[in-house]
Amino acid sequence: MTDTHNDKETAVDNGRRTFLGGAVGVSAAAVAPGLVLHELAQAAPRTEPVTDLHRWGLLIDTAKCADGCRACVEACEQENGLNLQTRPEGADPLKWEDQRAVWIRKVKVQDNISGHVTNLPLMCQHCANPPCVDVCPTGASFKRADGIVMVDRHTCIGCRYCMMACPYKARSFIHEKVAEKLTRAPRGKGCVESCNLCVHRLDEGDLSVACADACTEQGHGAILFGDLKDPNGPLRQALRAQPSRQVRENLGLNTGVRYAGL
Amino acid sequence: MKRIVYREWRIAPERYWGILAILAGVIAIGGAAALYMEHEGHWVTGMTNSVVWGMPHVFAVFLIVAASGALNVASIGTVFGKRLYKPLGRLSGLLASALLVGGLLVLVLDLGRPDRLVVAMTTYNFSSIFAWNIFLYTGFLIITVGYLWTMAERKGNPFMRPVGTFAFLWRLALTTGTGSIFGFLVGRQAYDTAILAPMFVVMSFAYGLAVYILVLMFSFHLDERPIGERMLKRLKNLLALFVGAVLYFTLVYHLTKLYGAKYSDVESFILVNGGIYTFLFWFGWVLVGGLVPLGILYHPERSKSASWVAAACGFVIVGGLAALYVIIIGSQAYPLEMFPGQTVIEFGLPGDIGGTVAGYAPSFPEILLGIGGVGVAMLITAVGIRVLQFLPESLADQDVDPHAMARSAG
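Chains as they are written, first to last, in full-length UniProt numbering: chain Y, 1 to 262; chain A, 1 to 410.
What follows is the structure in structure tokens.
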């Protein structure tokens, strides 16, 4: 009787062995990709920390900005997935134009006395003293060390106070459910966003912005991107060569986007 | 002066539960509206990238401002030592907390991401007046509960005056903070002025007192408790004073703006050719919310009638909502002036409004959410006075007025 019992105890339980083997395999399969990704993330940091050695900015030469041309707007929409926004079923088409996100607009103004017409692109002005950053209750609206003003979508609660504070109407609230978006420009219902000077390009070492590229391709060259802190860089040289000003200069915001011929 | 006796609200159960059922219905509809907006996104509202704060903010700011105003009644009794107001203190504290909770709920449910409320409570940017307001609002609730304790509990009585004084100062800070949410927005022509802060304080005096008087009259009327003539006269005189002060601040606010040439366009928009906003300013804010109630409250005969005083309170509330609609929405509808001396011909795509007045029509869900907040405030008040001793048994002159006692004795 005792012997039989001992036999049973030492006998191999094949079912149990298979189960344990399977469990180990499944666990390994579940954990491994995370470990590999973690290793990858550790092994190859995508960027160095952003420093204040640069301050990125734009110079817009309004004399070169062509009437009716929307190349910069379309390039921005492509680059940042804004063209993927779809009007929700039942939304009023005209109202939707003021509800969809827009990072850059073509603006046309006429001088009240002379009648002179000026065209210009208007986007986030990347202020050195941004009112949107001051008013944001959670600090989601922030300025990077290199001067780019953007929104941290993880901490934005969608209060829209930054939109109230922005003097340039540069910010958009995501009014609808987002079906499609680009990895480089994440977007979510209920958060605020605006032009970030194609930050995904800069962080990969590509010192360019989509709007300026498109403008150059069209042969206008009205938008010049560059480093406001580089005294010998093209942006500073261009700024030295001609008078320029800031939109709503009276607010003393020290904008990163400057306009010539305005 | 007799000892003041406080008693629970003793209306018939069917009536009480009927009131609760109606309020619960209002709240449920408001909640459903919020859920709908949250599920679909804000495109279902009238709000756009031009008018980013809509009807929910009108209700929320009204409730928050009225909350701090409602607490004034208690302050007059404890801080300024007016004995006539002492019996009114407990309801004042309760109503203040209830209105604040209602207003905050509306504000939170209108966020793009209300699910991230915990982020707002844990991550602060102290250069934001909003962040400060989170502390001012939660602090107000805590202080008011403490204040109520000092009023209701014998052991707390000695602390009533210091706590009441602190609550009074805190409520001044709170409304200053609420006004500054708008006043510090330098980029917008209609704001950018420090006078909005004291104007909001004065508005809170008027709107809070109007709500207080209505709630007091309603609850006393249903429970057949008396409000003496003298008490009514004092309250209505105080309301008239506050309504007059709101008109005065309105005048100074617009005179300040009119004096500077750079603001003349936005002023003519609000005062002359702004369509619905001009109408709401003159008809709602000035006439219904100001001149009409003043006419009633200073009328030699009508001011003695409780019904007319109640009507005046109603007018003040309607006018207050109109005023906040003009301040909050009118100021956003007016285009941002970015290019002085130039006219904006185009601003992005058609419908993407920048150079012209932005359209805004409040949607039903927004309005229902706002009314739901009012429902929450009223529900808290109704339950509070039912289960706890907030209401004095009588506000008849001989019970609360030492002078009346002296007169009858003499």
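Ideal Cβ placement from N, Cα and C applies to all residues, glycine included.
Open item on the list: Can you tell me whether residue 150/A is helix, strand or coil according to DSSP?
Closed with: Walking along the second sequence from the start, residue 150/A turns up at place 150. Helix.
- [ ] Could you list which residues in chain Y have their beta carbon closer than 7 Å to that of residue 193/A, in chain order?
- [x] Here residue 193/A refers to the residue found at position 193 of the second sequence. Within chain Y, no residue comes near residue 193/A; the closest Cβ sits about 15 Å away, beyond 7 Å.
Task: Rounded straight-line distance, which links the Cα of residue 161/Y to that of residue 188/A - done: Your numbering for residue 188/A matches position 188 in the second sequence. Your numbering for residue 161/Y matches position 161 in the first sequence. Using only the alpha carbons, I get a separation of about 12 Å.
TODO: Would you kindly report the start and end of the unbroken beta strand (DSSP E) that includes residue 346/A?
DONE: As a working mapping, residue 346/A is identified with position 346 in the second sequence. First-last of the beta strand (DSSP E) with residue 346/A: 342 to 347.
- [ ] Check the DSSP bridge columns for residue 110/Y and list the partner residues they point to.
- [x] What you label residue 110/Y is simply residue 110 of the first sequence in a count that begins at 1. For residue 110/Y, which the question treats as bridged, DSSP gives the partners 117/Y and 343/A.
- [ ] Output the distance between the C-alpha atoms of residue 10/A and residue 89/Y, rounded to the nearest integer angstrom.
- [x] As a working note, residue 10/A is residue 10 in the second sequence. As a working note, residue 89/Y is residue 89 in the first sequence. Roughly 52 Å separates the two Cα atoms.
Open item on the list: Counting only Cβ pairs nearer than 7 Å, list the residues of chain Y close to residue 347/A.
Closed with: By one-based count along the second sequence, residue 347/A stands at place 347. Residues of chain Y passing the Cβ test: 105 and 107.
Task: Range covered by the alpha helix (DSSP H) that runs through residue 203/A - done: Counting from 1 along the second sequence, the entry for residue 203/A is found at position 203. Counting along the chain, the alpha helix (DSSP H) containing residue 203/A begins and ends at 196 to 222.
Task: Length of the line joining the Cα atoms of residue 114/A and residue 102/A - done: On the second sequence, residue 114/A is found 114 positions in, with the first residue counted as 1. On the second sequence, residue 102/A is found 102 positions in, with the first residue counted as 1. Those two C-alpha atoms are separated by around 15 Å.
- [ ] Starting from the C-beta of residue 96/Y, find all residues in its chain whose C-beta is less than 6 Å away, skip the five residues before and the five after it, and write them out in chain order.
- [x] If you number the first sequence from 1, residue 96/Y lands on position 96. These residues qualify, in order along the chain: 87.
Open item on the list: Please state the DSSP three-state secondary structure of residue 231/A.
Closed with: The residue given as residue 231/A occupies position 231 in the second sequence. Helix at residue 231/A.
Open item on the list: Would you say residue 43/Y lies against chain A (beta-carbon separation less than 8 Å)?
Closed with: Mapped onto the first sequence, residue 43/Y falls at position 43. Note that residue 43/Y has pLDDT 45, beneath the 50 cutoff, so the model's placement of it is unreliable and the number below is only indicative. It does not: the Cβ of residue 43/Y has no partner Cβ on chain A nearer than 8 Å.
Open item on the list: So with CB distances below 8 Å, who are the chain A contacts of residue 112/Y?
Closed with: Taking the first sequence and counting its residues from 1, one reaches residue 112/Y at position 112. Those are 341, 342 and 343, listed as they occur along chain A.
- [ ] Taking residue 58/Y as part of the beta strand (DSSP E), name the residues at either end of that continuous run.
- [x] The count along the first sequence starts at 1 and reaches residue 58/Y at position 58. Per DSSP, residue 58/Y is one residue of the beta strand (DSSP E) stretching across 56 to 61.
Task: Helix, strand or coil at residue 98/Y [DSSP, three-state] - done: Indexing the first sequence from 1 puts residue 98/Y at position 98. DSSP places residue 98/Y in coil when its eight states are reduced to three.
Task: Contacts around residue 58/A, its chain only, beta-carbon distance under 8 Å, and the 5 residues preceding and following it disregarded - done: Locating residue 58/A in the second sequence gives position 58, where the first residue counts as 1. If we look at residue 58/A and ignore the five residues flanking it on each side, its Cβ neighbours are 321, 324, 325, 328, 329 and 370.
Task: CB of residue 146/A within 8 Å of CB of residue 119/A, strictly - done: Residue numbering aside, residue 146/A sits at position 146 when the second sequence is read from its first letter. Residue numbering aside, residue 119/A sits at position 119 when the second sequence is read from its first letter. It is not a contact, given that the beta carbons lie outside the stated cut-off.
- [ ] Find the residues of chain A that neighbour residue 172/Y, judging by a C-beta separation of less than 8 Å, and give them in chain order.
- [x] Taking the first residue of the first sequence as 1, we reach residue 172/Y at position 172. Those within 8 Å of residue 172/Y in chain A are 49.
Open item on the list: Considering only their Cβ atoms, is the gap separating residue 144/A from residue 97/A smaller than 8 Å?
Closed with: Residue mapping note: residue 97/A aligns to position 97 of the second sequence, counting from 1. Residue mapping note: residue 144/A aligns to position 144 of the second sequence, counting from 1. Pairing residue 97/A with residue 144/A gives a Cβ-Cβ distance under 8 Å.
Task: Reduced DSSP secondary structure (H/G/I, E/B, other) of residue 126/A - done: Within the second sequence, residue 126/A is the residue found at index 126, counting from 1. DSSP places residue 126/A in coil when its eight states are reduced to three.
TODO: Leaving out five residues on either side along the sequence, give the residues of the same chain with a beta carbon under 7 Å from the beta carbon of residue 212/A.
DONE: Taking the second sequence and counting its residues from 1, the one referred to as residue 212/A is at position 212. 70, 73, 92 and 95, listed in sequence order.
Open item on the list: Excluding the 5 residues flanking residue 40/Y on each side, which residues of the same chain have their C-beta closer than 8 Å to its C-beta?
Closed with: In the first sequence, counting from the first residue as 1, residue 40/Y sits at position 40. Because the pLDDT at residue 40/Y is just 49, under 50, the model does not fix this residue reliably, and the value given afterwards should be weighed accordingly. Around residue 40/Y: no qualifying Cβ.
Open item on the list: Along the region 129 to 143 of chain Y, where does the CB come closer than 7 Å to a CB of chain A? Name the residues.
Closed with: 131, 134, 135, 136, 137, 138 and 139
- [ ] Measure the CB-CB distance between residue 343/A and residue 125/Y and report whether it falls below 8 Å.
- [x] Along the second sequence, one-based indexing puts residue 343/A at 343. Along the first sequence, one-based indexing puts residue 125/Y at 125. Taking 8 Å as the Cβ cut-off, residue 343/A and residue 125/Y do not qualify as a contacting pair.
- [ ] Assign residue 390/A to one of two classes, buried (16 or more other C-beta atoms within 10 Å of its C-beta) or exposed (fewer than that).
- [x] Here residue 390/A refers to the residue found at position 390 of the second sequence. Buried: at least 16 other Cβ atoms inside 10 Å.
- [ ] Could you name the residues that DSSP lists as bridge partners for residue 156/A?
- [x] Taking the first residue of the second sequence as position 1, residue 156/A is located at position 156. Note: residue 156/A sits in no beta bridge, so no partner.
- [ ] Note down, in chain order, each residue of its chain lying with its Cβ closer than 6 Å to the Cβ of residue 33/A, except the 5 sequence neighbours on either side.
- [x] Start at 1 with the first residue of the second sequence, and residue 33/A comes out as number 33. These residues qualify, in order along the chain: 365, 368 and 369.
TODO: My understanding is that residue 69/Y touches residue 103/Y, with C-beta atoms under 8 Å, so please give their C-beta distance in whole angstroms.
DONE: Along the first sequence, one-based indexing puts residue 69/Y at 69. Along the first sequence, one-based indexing puts residue 103/Y at 103. About 17 Å separates the two Cβ atoms, so there is no contact after all.
Open item on the list: When you compare the CB of residue 221/A with every CB in chain Y, is at least one pair closer than 8 Å?
Closed with: Here the question's residue 221/A lines up with position 221 in the second sequence. It does not; no Cβ of chain Y falls within 8 Å.
Open item on the list: Among 291/A, 233/A, 314/A and 18/A, whose alpha-carbon lies nearest the alpha-carbon of residue 301/A?
Closed with: Position 301 of the second sequence, counted from the first residue, corresponds to residue 301/A. For residue 301/A, the nearest C-alpha among the options comes from 233/A.
Open item on the list: DSSP has residue 263/A in a bridge; who is on the other side?
Closed with: Position 263 of the second sequence holds residue 263/A. For residue 263/A, no pairing in a beta bridge is given by DSSP.
Open item on the list: I'd like to know if residue 177/Y contacts chain A, where contact means its C-beta is closer than 8 Å to some C-beta of that chain.
Closed with: Working through the first sequence from its first residue, we reach residue 177/Y at position 177. Closer than 8 Å: yes.
- [ ] Tell whether a beta-carbon distance below 8 Å holds between residue 100/Y and residue 85/Y.
- [x] Here residue 100/Y refers to the residue found at position 100 when the first sequence is read from its first residue. Here residue 85/Y refers to the residue found at position 85 when the first sequence is read from its first residue. Cβ distance < 8 Å, so residue 100/Y and residue 85/Y count as in contact.
TODO: Would you be able to state if there are at least three C-beta pairs under 8 Å between the region 136 to 147 of chain Y and the region 14 to 26 of chain A?
DONE: no
TODO: Along the beta strand (DSSP E) that carries residue 257/Y, what are the first and last residues, could you check?
DONE: Indexing the first sequence from 1 puts residue 257/Y at position 257. Its beta strand (DSSP E) spans residues 257 to 260.
TODO: Find out if the Cβ-Cβ distance for the pair residue 121/Y, residue 248/Y is shorter than 8 Å.
DONE: In the first sequence, residue 121/Y corresponds to position 121, counting from 1. In the first sequence, residue 248/Y corresponds to position 248, counting from 1. Residue 121/Y is not a Cβ neighbour of residue 248/Y, given a cutoff of 8 Å.
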